[in-house]
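*Asks:*
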Amino acid sequence: MFSCNTSTSGHSTFLLTGFPGLEASHHWVSIPVNLICVVSILGNSIILLLIHRDPSLHKPVYIFLSMLAASDLGLCASTFPTMMWLFWLGARELPFDLCAAQMFFIHAFTYVESGVLLAMAFDRFVAIQEPLHYATILTHSAMARVGAAILVRAVLLNLPGPILLRRLLFPQISVLSHCYCLHCDLVGLACSDTQINSFFGLVSILLSLGLDSFLIVLSYALILRTVLGIASPGERLKALNTCVSHLCIVLIFYLPKLGLSVLHRVEKHSYPALAVLMANLHFLVPPFMNPIVYCLKSKQIRQGLLKRFQQKRVDVS
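Numbering (numbering that gives the first Met the number 0), first residue to last: 0 to 316.
1) Which residues in the same chain as A238 place their Cβ atom closer than 6 Å to its Cβ, once the five residues preceding and following it in sequence are excluded?
2) If you run the structure through DSSP and keep just helix, strand and coil, what is L88?
3) Exposed or buried, what is R144 when buried is set at 16 or more other beta-carbons lying within 10 Å of its beta-carbon?
4) Where do the N-terminal and C-terminal ends of the alpha helix (DSSP H) with F13 fall, by residue?
5) For C36, which residues in the same chain have their Cβ closer than 6 Å to its Cβ, ignoring the five residues on either side in sequence?
6) With C-beta atoms as the reference, is S11 less than 8 Å away from F95?
7) Within a Cβ cutoff of 7 Å, which residues of the same chain sit near E92, ignoring the five residues on either side of it in sequence?
8) Which residues in the same chain as S244 place their Cβ atom closer than 7 Å to its Cβ, once the five residues preceding and following it in sequence are excluded?
9) I want to see whether chain C comes within less than 8 Å of F79, judged by CB atoms only; does it?
10) Could you tell me if F198 is buried or exposed, where buried requires 16 or more neighbouring beta carbons within 10 angstroms of its beta carbon?
11) Suppose you measure from the CA of W27 to the CA of S39; what does that come to, to the nearest Å?
12) Do M45 and L64 have their C-beta atoms closer together than 8 Å?
13) Out of R166, S173, K256 and C247, which has the shortest C-alpha to C-alpha gap to I204?
14) Which of the three DSSP states, helix, strand or coil, is assigned to L93?
15) Tell me where the beta strand (DSSP E) around S173 begins and ends.
16) Who are the Cβ neighbours of Y61 in its own chain at under 7 Å, not counting the five residues just before and after it?
17) Reducing DSSP to helix, strand and coil, say where F18 ends up.
18) Please determine, among I172, S55, T138 and A69, the residue with the shortest C-alpha to C-alpha distance to R301.
19) Using only CA atoms, which one of M83, S70, A107 and A23 lies nearest to L328?
20) Which same chain residues, not among the five before or five after L259, have their C-beta less than 7 Å away from its C-beta?
21) Under 7 Å Cβ to Cβ from M66, same chain only, skipping five residues before and after it: list those, please.
22) Going by beta-carbon coordinates alone, are M82 and C183 separated by less than 8 Å?
23) Hey, could you find the ends of the alpha helix (DSSP H) F198 is sitting in?
24) Which residue comes first and which comes last in the alpha helix (DSSP H) that contains P159?
25) So L330 is in the alpha helix (DSSP H); what residue range does that whole segment cover?
26) Report the rounded CA-to-CA distance for G233 versus L85, giving the unit in angstroms.
27) How many angstroms separate the CA atom of P59 from the CA atom of Q194?
28) Quick check: the Cα distance between T109 and R307, rounded to an integer number of angstroms?
29) Report, in whole angstroms, the separation of the C-beta atoms of Q101 and S70, which I expect to be a contact under 8 Å.
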């Protein structure tokens, strides 16, 4: 721990932390991290290009999927650079401004992804509850407004964070708990009163992840009630099958967060390497798995990919 006797405001240096006890093996650790990074960027970029270029995929469910892919790419761009600096180059130092900027973008894209998952849950609810009015409710202009609202909310909830951090005093050198900057981590390292920052962080989480998760659960409760009212077992199964991909992505997004929260409160100090691993998986897994889940579960996405590959083969021939 570094002393608060030499604390400053806005001129501190933060040290990234890798896997405790495995510092000598960080080059090897960088190999799977690099692989996940490449697959995540390629997978989400392919999803975006495919939906953009294929008119048959210009439907609400796929437009929301393109928003999800864009937020995943933003999350990759926010987290992967410092991971690479640490694991591949061994660079640990991060100035305050860069750390605060990374914190803003990580939380903003996380809130965007959470908002898009909520919008996708609403999409599934409308598709099952009001199939005849689906196209008139979820028009392109309505989806554009939803996307803009999600983005504005993410910016407004996170913009005060870096500003409020500037009023805090930090040691000249502070050691972070992870290989990226998070609001709760930075607040915990401050030498001055952090009540305002902590209150802002709590309100921000409740109005984003907390509210979104509650409304997603509510949406699925309403979906389940609607499905149970369908007389035919075959139609019930067909309706529920349209929700499988989204439900998998919701679990992939929220379960690592829940596991990390439990680990921090129960066994963080007993298993520090496990806590760091869970923290990294918390941001690595969703961008990596989301394109895979939709490619496996969506017939139209698979057909679109096959059509593109066959077209390229014909062009080459």
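Heads up, the beta-carbon is just placed ideally off N, CA and C, and yes, glycines get one too.
*Replies:* Taking the definition as stated:
1) On the sequence shown, residue 238 is found 239 positions in, with the first residue counted as 1. Cβ neighbours of A238 beyond the five flanking positions: I127 and V226.
2) For the purposes of this step, residue 88 is taken as the residue at position 89 of the sequence shown. If DSSP states are grouped into helix, strand and coil, L88 belongs with coil.
3) The sequence position of residue 144 within the sequence shown is 145, counting from 1. Flag for R144 reads exposed.
4) Start at 1 with the first residue of the sequence shown, and residue 13 comes out as number 14. If you look at F13, you'll find it isn't in any alpha helix (DSSP H); it sits in the beta strand (DSSP E) that goes T12 to L14.
5) Your numbering for residue 36 matches position 37 in the sequence shown. Excluding sequence neighbours, C36 sits near F79.
6) What you label residue 11 is simply residue 12 of the sequence shown in a count that begins at 1. What you label residue 95 is simply residue 96 of the sequence shown in a count that begins at 1. In this structure, F95 lies closer than 8 Å to S11 by Cβ.
7) Here the question's residue 92 lines up with position 93 in the sequence shown. So the list reads T12 and L14, once near-sequence residues are dropped.
8) Position 245 of the sequence shown, counting from 1, holds the residue named residue 244. Within the same chain, S244 has close Cβ partners V292, Y293, K296 and S297.
9) No chain C appears in the structure shown, which is made up of a single protein chain.
10) Counting from 1 along the sequence shown, the entry for residue 198 is found at position 199. Within a 10 Å sphere around the beta-carbon of F198 sit fewer than 16 other beta-carbons, which makes this residue exposed.
11) Stepping through the sequence shown from its first residue, residue 27 is reached at position 28. Stepping through the sequence shown from its first residue, residue 39 is reached at position 40. Answer to the nearest angstrom: the Cα atoms are 19 Å apart.
12) For the purposes of this step, residue 45 is taken as residue 46 along the sequence shown, with counting starting at 1. For the purposes of this step, residue 64 is taken as residue 65 along the sequence shown, with counting starting at 1. The identity of residue 45 in the sequence shown is Ile, whereas the question assumes Met. I45 places its beta carbon 8 Å or farther from that of L64.
13) In the sequence shown, the residue the question calls residue 204 occupies position 205. Residue K256 is the option with its Cα nearest to I204.
14) Numbered from 1 along the sequence shown, position 94 holds the residue referred to as residue 93. Strand, per DSSP.
15) Position 174 of the sequence shown, counted from the first residue, corresponds to residue 173. That run of the beta strand (DSSP E) goes I172 to V174.
16) Against the sequence shown, residue 61 aligns to sequence position 62. Hits under 7 Å: I50.
17) Here residue 18 refers to the residue found at position 19 when the sequence shown is read from its first residue. Coil at F18, not helix or strand.
18) Taking the sequence shown and counting its residues from 1, the one referred to as residue 301 is at position 302. Closest option to R301, Cα to Cα, is S55.
19) As shown, the chain starts at 0 and ends at 316. That puts residue 328 outside it, with no answer to give.
20) Here residue 259 refers to the residue found at position 260 of the sequence shown. Counting only Cβ-Cβ distances below 7 Å, and skipping sequence neighbours, we find M277, A278 and H281.
21) To locate residue 66, count along the sequence shown from 1; it is residue 67. Here the set comprises V115 and G146.
22) On the sequence shown, residue 82 is found 83 positions in, with the first residue counted as 1. On the sequence shown, residue 183 is found 184 positions in, with the first residue counted as 1. 8 Å or more divides the Cβ of M82 from the Cβ of C183.
23) Numbered from its first residue, the sequence shown carries residue 198 at position 199. Counting along the chain, the alpha helix (DSSP H) containing F198 begins and ends at Q194 to I204.
24) Locating residue 159 in the sequence shown gives position 160, counting from the first residue. Per DSSP, the continuous alpha helix (DSSP H) segment holding P159 begins and ends at P159 to L164.
25) For residue 330 there is no data in the structure shown, the boundaries of the chain being 0 and 316.
26) As a working mapping, residue 233 is identified with position 234 in the sequence shown. As a working mapping, residue 85 is identified with position 86 in the sequence shown. Note on geometry: alpha-carbon atoms of G233 and L85 lie some 52 Å from one another.
27) For this step, residue 59 is matched to residue 60 along the sequence shown. For this step, residue 194 is matched to residue 195 along the sequence shown. Taking the straight line from one Cα to the other gives about 42 Å.
28) Position 110 of the sequence shown, counted from the first residue, corresponds to residue 109. Position 308 of the sequence shown, counted from the first residue, corresponds to residue 307. Computed Cα separation, rounded: 31 Å.
29) Looking up residue 101 in the sequence shown gives position 102. Looking up residue 70 in the sequence shown gives position 71. About 16 Å separates the two Cβ atoms, so there is no contact after all.
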